[in-house]
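Residue numbers (the working numbering), protein chains in the order written: chain A, 1497 to 2083; chain B, 1497 to 2083. The structure appears below as structure tokens.
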């Protein structure tokens, strides 16, 4: 079974040393979130993840969830762990104190999300969508609904789901068929089938709050006729206690390649009572509040799984002896594989991507908080645009890199990596859902290129590029190499951006065929940008923590020499256009 | 369950139109292998693979092999299929008629290997190592041994294995501990444990012929003291009939991520009777005969799995509707996803790599035959050096590209790709062993760079580069773009080669840290070289089969625009050296 030590030191480094973010620091309600408090939280988080949740990964993989007599049974140990998990208040971490939450910013909760993803993605998914549903309800529902549902969800006694996909509509929600018929009391009755519903049923919570998109009987076709409904598994009485079973049942659960401890359900809605959330026919807008935050968390899942894959690869490389290193001092026998240049390279590849991603994610968490909580509307808007821009990037890069990293981890383990005993192959299988769900990575790339670069608020990508260029003007000899490299790649990104903006207007297929590559270029450059922020601190603060900062500088060095340069190839290849692709006739 | 139609047309195109290989055509014994005969064989091969073997893939995944009372039981259907398979003579395809074989060249048997890999890799593995063992025995054993064992192996009634790995030695065979003690009658008794033995036991054949490397009691340590032994599961009497059980038993079988229908065994040898094959202490040389041919077949496995993944992705893209294409003619509803630029690009990526690989593999099969069967020793040697050079390239490129392609296939299938129902995720899991076994892909890359570029016969890579340059001098307007691109990338490869040759001499860690990238560059260029051969025919013969050739030309166009250019990035990144990697201290 893989081992795991939560990277609290790196997280605290980010929290303490990269806090220097003007707008974030202006948020009133987080001024009391001290380093000491955060350190305590992360240390407690490390304990529950390392000790209680990590063993659930193997348990869930070996004993997948089952559907028995219409009820989903989670794997052995999940119930006990979940009880402890909510007793300790982990579901409430980022929620509003008004509903019993701890009110921690995303700069803290994102670290917790990462740890939980490292420990057990399957287990994580039982509470993850609850937070998504919480966010959606707290932004769009009436006070009545909020007061009735949110405290129980924050407490973790009730959970939440997101019901979008149907058999004929995954990516394309406009095709959805689930119907909602208004009743005389203003409630609705929903009928239809939803598929791929994560945690659609389970035996961990007393109630499940489904957020369902459906079409009201008098709504138009397509995406403009979609409304959002809250449909509880058990109806909730006026006093907040649980009433009779609602018309929602689990048709089946998916047999999947990985995340086998997570129940992926087919849910059948048969005249299920639902309450409309937000305005009629604006359901997708409300749902996207939830989806966008959720997409960042999926990116964090990729980061978390990468981290545990890296840790175990490094441990194995320190223990396993095979072959003589080029500069071996041995006369007989074999060296630790960590001494082999190729293995060292592979480990540094993992490490430099992971730490860069974590820094980028921290910056994005700051932006998210600014977008939600800054006093100035204009500042909020600007941050929100950056968050929108980077959401598909983080979702896609972190999950794709997660595949690269878990794959490299398997290679480091050789034949043992392919067997179930080591648990490395499980990380690879579990992570493989992340480039697919919450919108495939290609959908993310299209979203980025067609909707996020330029929006009604202006030329967002230009602002982002300007910000990077500006932050890159650092006069420091130590930074010279890094700044030069980043600058060079920002220019490539700028050229790619000009090209793709034009194509979005004049030749959409060119843009579509290039969007994955564009996202990668933006991703590699953004991670480099995050590294530059880390490097600035590392050089300035060097003498206070030499070993730590030297490690950072050398890790960054690898990133700038071997990872960042991949960006250019994406630019060159993608800008060959698409006419030769589109005219191809598949037989 | 995935469907599969064997690509007989493409295979016959290669066999008929790319046969123009001087030395290959000089091989006497293949002059009678006509197109008609080959077509008949491939059509029969298509039938058994499509109808009988394909269903075994799912069966094996759902009902993995089990070890019951010391006996391995293969999945349901394997026994019946195997009986039919040997009745039809498929094990004998490439074997010597002297032992009952059909004497087909590898230019034919490689196509069969591909089909079988597409249909079911797990099932394939039960006969694949038999062919490896057959080759090894027929090259290195005495006539007595050959006459006793080979006819039954050719018939498929007995199978073969390759027993190398031990718990502490996978990559590094010098560490092996299995002991062989000579007996007074000249036989040996072997004791030790071998792990990861593919088809180490099964219930398909009457006997199993293990080829085992071990150290004779009086042999030196390290790789110089390794000898090769034939150890049958059941001892064979002088009349060729089966006698008593030998001291070989199955300790356990591995629980793996994929190829679950294949038994991966721990074999315990307890005073097992063994017969030395080839000279004492030269066991690794003999084993490498087997390993090298086997490594090419592992590459072909990656190609076969890529092909079935591609076919099913294309079918799905033609059936599944989601979203509107950029140039949609629909007013309502959704287009087939095949109309989306991004999906088209993904399918062309798969197709252009697969068809290029198949062409390269065909060239390599020709070279292999020349290396084994040409009348002129010098010609044999030159071909053999090219085969040695390209073996790690084909093994690594085809299996790595197999991961890319099966991963893209999952993305095309969206959420359905992650469920067991579609069977796409199984292709991804099954293929994941191919970059690991028969020497991890990093070991292949090190082998290429340190042992294959230059050997005792001279500067092999220079000869290979010269050959490509020479074959690239084509005066044809249609070929201009392709030739120019290949030429450009041959130059990059040449520069990379010069760099790495120097590093092999002067700075081995630089070479080690670059070897994976070097292999990729050589691989991408070699596939382009194979494409150029296909293109030459396609333009010349265009009017005789317009649709087919137009498809080839457009597919190649994609390869040269979007795949080949990846090579350059590998060159740039790898030549940044390794000092910053080697001095990194992992905490």
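Backbone N, C-alpha and C define an ideal beta-carbon position, used for all residues, glycine too.
Measure the C-alpha to C-alpha separation of residue i and residue j and round it to an integer number of angstroms.
{"i": "residue 1752 of chain B", "j": "residue 1909 of chain A", "result": "14 Å"}
{"i": "residue 1872 of chain B", "j": "residue 1865 of chain B", "result": "12 Å"}
{"i": "residue 1776 of chain A", "j": "residue 1641 of chain A", "result": "16 Å"}
{"i": "residue 1803 of chain B", "j": "residue 1696 of chain B", "result": "28 Å"}
{"i": "residue 1666 of chain B", "j": "residue 1930 of chain B", "result": "15 Å"}
{"i": "residue 1852 of chain A", "j": "residue 1895 of chain A", "result": "14 Å"}
{"i": "residue 1956 of chain B", "j": "residue 1881 of chain B", "result": "7 Å"}
{"i": "residue 1650 of chain B", "j": "residue 1626 of chain B", "result": "8 Å"}
{"i": "residue 1600 of chain A", "j": "residue 1860 of chain A", "result": "15 Å"}
{"i": "residue 1685 of chain A", "j": "residue 1557 of chain A", "result": "37 Å"}
{"i": "residue 1671 of chain A", "j": "residue 2041 of chain B", "result": "42 Å"}
{"i": "residue 1614 of chain A", "j": "residue 2043 of chain B", "result": "51 Å"}
{"i": "residue 2036 of chain B", "j": "residue 1973 of chain B", "result": "12 Å"}
{"i": "residue 1981 of chain A", "j": "residue 2056 of chain A", "result": "7 Å"}
{"i": "residue 1590 of chain B", "j": "residue 1603 of chain B", "result": "10 Å"}
{"i": "residue 1660 of chain A", "j": "residue 1906 of chain B", "result": "20 Å"}
{"i": "residue 1581 of chain A", "j": "residue 1756 of chain A", "result": "20 Å"}
{"i": "residue 2026 of chain A", "j": "residue 1886 of chain A", "result": "13 Å"}
{"i": "residue 1630 of chain A", "j": "residue 1637 of chain A", "result": "10 Å"}
{"i": "residue 1933 of chain A", "j": "residue 1911 of chain B", "result": "7 Å"}
Using DSSP with H/G/I as helix, E/B as strand and the rest coil, what is residue i?
{"i": "residue 1706 of chain A", "result": "strand"}
{"i": "residue 1850 of chain B", "result": "helix"}
{"i": "residue 1552 of chain B", "result": "helix"}
{"i": "residue 1862 of chain B", "result": "helix"}
{"i": "residue 1567 of chain B", "result": "strand"}
{"i": "residue 1968 of chain A", "result": "coil"}
{"i": "residue 1990 of chain A", "result": "helix"}
{"i": "residue 1591 of chain A", "result": "coil"}
{"i": "residue 2062 of chain A", "result": "helix"}
{"i": "residue 1624 of chain A", "result": "helix"}
{"i": "residue 1728 of chain B", "result": "strand"}
{"i": "residue 1763 of chain A", "result": "strand"}
{"i": "residue 1832 of chain A", "result": "strand"}
{"i": "residue 1637 of chain A", "result": "coil"}
{"i": "residue 1792 of chain A", "result": "helix"}
{"i": "residue 1736 of chain B", "result": "coil"}
{"i": "residue 2037 of chain B", "result": "coil"}
{"i": "residue 1951 of chain A", "result": "strand"}
{"i": "residue 1821 of chain B", "result": "coil"}
{"i": "residue 1798 of chain A", "result": "helix"}
{"i": "residue 1774 of chain B", "result": "coil"}
Tell me which residues share the same chain as residue i and place their Cβ nearer than 6 Å to its Cβ, disregarding the 5 neighbours each side in the sequence.
{"i": "residue 1884 of chain B", "result": "1948"}
Let me make sure I understand the geometry here. Which of the options has the alpha-carbon closest to that of residue i?
{"i": "residue 1705 of chain A", "options": "A:2010, A:1769, A:1994", "result": "A:1769"}
{"i": "residue 1499 of chain A", "options": "A:1787, A:1708, A:1553, A:1764", "result": "A:1553"}
{"i": "residue 1795 of chain B", "options": "B:1744, B:1813, B:1858", "result": "B:1858"}
{"i": "residue 1567 of chain B", "options": "B:1737, B:1740, B:1759", "result": "B:1759"}
{"i": "residue 1454 of chain B", "options": "B:1840, B:1602, B:1985", "result": "Summary: the structure shown does not reach residue 1454 of chain B, with chain B confined to residues 1497 through 2083, and so no result is reported for it."}
{"i": "residue 1530 of chain B", "options": "B:1544, B:1541, B:1515", "result": "B:1515"}
{"i": "residue 1767 of chain A", "options": "A:1874, A:1679, A:2054, A:1579", "result": "A:1679"}
{"i": "residue 2079 of chain A", "options": "B:2047, B:1518, B:2055", "result": "B:2047"}
{"i": "residue 1738 of chain B", "options": "B:1745, B:1842, B:1728", "result": "B:1728"}
{"i": "residue 1746 of chain B", "options": "B:1778, B:1787, B:1688", "result": "B:1688"}
By Cβ distance below 7 Å, which residues in the same chain neighbour residue i in space, the five residues on each side in sequence not counted?
{"i": "residue 1507 of chain B", "result": "1538, 1607"}
{"i": "residue 1820 of chain B", "result": "1826, 1830, 1831"}
{"i": "residue 1995 of chain B", "result": "2071"}
{"i": "residue 2034 of chain B", "result": "2045, 2048, 2049"}
Inter-stretch contact (C-beta, 8 Å, three-pair minimum) for the region 1589-1600 of chain A and the region 1729-1746 of chain A: no
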